[in-house]
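Enquirer: Residue numbers (the UniProt record's numbering): 1 to 243.
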């Protein structure tokens, strides 16, 4: 007898019109049924991920926040790549149903990513809803790093996606291709080639101002980020920052 997820059409999975973060009721019901039928069966991915899925181009993109997500999405929107699961958050997915889809993700140096998150979510906004006095203290990136170090950066859900370990946001056992922001043009062209999409250059969206990292890095920050993101440095081979 076949497994339920082997008979399942991946095209059941779509996000709602007008709400790109939530799956349609039919998709949610399908996942609930798989979970209830066999929590220990391995039909669903053991962990949840932030997913974007295209059925027309047959890919699953594990989105890693602060790593060209808007640029990739903008490229898809402007070049006719349908995003049937657009911006789903913390989703466990049926493994066999997507076995023949191309899976990819992008990562970046953890120190660059951390400074980008701080600049975007703390300096330019108050995304974490700090009280005024705390928000003033958080204008120092080292203070924000100390606060972040107290979080469980492997917890999904539980930790903000902009700070979560990149290695936790990707199904490392099933990903076909991991590109790097540092070589984005080359790596994204390879992704486009694999999924049959145009590989024309796309202007970066929501990019941190050039030179931001160089102005902010201190020995304390290097040490804190090196400790917090030790697993990312190990998994993706970036040189760990030395104080």
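For glycine and all other residues, C-beta sits at the position ideal for the given N, C-alpha and C.
Just so we're clear, the structure is a prediction, and the values are computed from it rather than from any experiment.
Grab me the residues of residue 10's own chain with a C-beta within less than 6 Å of its C-beta, minus the 5 sequence neighbours each way, in chain order.
Expert: Taken in chain order, the residues that qualify are 97 and 98.
Enquirer: Leaving aside the five residues before and after residue 117 along the sequence, list all residues of the same chain whose C-beta is less than 7 Å from its C-beta, in chain order.
Expert: Excluding residues within five positions, the ones whose Cβ falls inside 7 Å are 66, 162 and 163.
Enquirer: Would DSSP call residue 15 helix, strand or coil?
Expert: DSSP places residue 15 in strand when its eight states are reduced to three.
Enquirer: Check for me: the beta strand (DSSP E) holding residue 53 runs from which residue to which?
Expert: Unbroken beta strand (DSSP E) run through residue 53: 49-54.
Enquirer: Go ahead and pull the three-state DSSP assignment for residue 130.
Expert: Three-state DSSP puts residue 130 in coil, outside helix and strand.
Enquirer: Might you give, ordered along the chain, the residues of its own chain that have their beta carbon closer than 6 Å to the beta carbon of residue 113, omitting 5 neighbours on each side?
Expert: 66.
Enquirer: Contact check, residue 57 vs residue 179 under 8 Å by CB: the rounded distance?
Expert: With a Cβ gap of about 16 Å, residue 57 and residue 179 do not count as contacting.
Enquirer: For residue 221 and residue 127, I'd like the C-alpha separation in whole angstroms.
Expert: Going by the C-alpha atoms only, they are around 21 Å apart.
Enquirer: Give a yes or no on contact between the segment 181-189 and the segment 121-136, applying the rule of three or more CB pairs nearer than 8 Å.
Expert: With the cut-off at 8 Å, the segment 181-189 and the segment 121-136 do not touch.
Enquirer: Count the other CB atoms within 10 Å of the CB of residue 132; is the residue buried (16 or more) or exposed (fewer)?
Expert: With fewer than 16 Cβ atoms within 10 Å of its Cβ, residue 132 is classed as exposed.
Enquirer: Under three-state DSSP, which class holds residue 210?
Expert: Here residue 210 scores only 42 on pLDDT, less than 50, and its place in the model is too uncertain to base an answer on.
Enquirer: Could you tell me if residue 232 is buried or exposed, where buried requires 16 or more neighbouring beta carbons within 10 angstroms of its beta carbon?
Expert: Buried: at least 16 other Cβ atoms inside 10 Å.
Enquirer: If contact is defined by three or more beta carbon pairs under 8 Å, each pair taking one atom from either stretch, is the segment 224-231 in contact with the segment 134-149?
Expert: The segment 134-149, when compared against the segment 224-231, does touch it at the 8 Å Cβ threshold.
Enquirer: For the beta strand (DSSP E) containing residue 88, list its first residue and its last residue.
Expert: Residue 88 -> beta strand (DSSP E) spans 85-91.
Enquirer: Are the CB atoms of residue 139 and residue 122 within a distance shorter than 9 Å?
Expert: Against a cut-off of 9 Å, the Cβ pair of residue 139 and residue 122 comes out as a contact.
Enquirer: Around the C-beta of residue 166, are 16 or more other C-beta atoms found within 10 angstroms, so that it is buried, or is it exposed?
Expert: Residue 166 comes out buried.
Enquirer: For residue 125, write down the residues that DSSP places opposite it in a beta bridge.
Expert: Residue 125 is not bridged to any residue.
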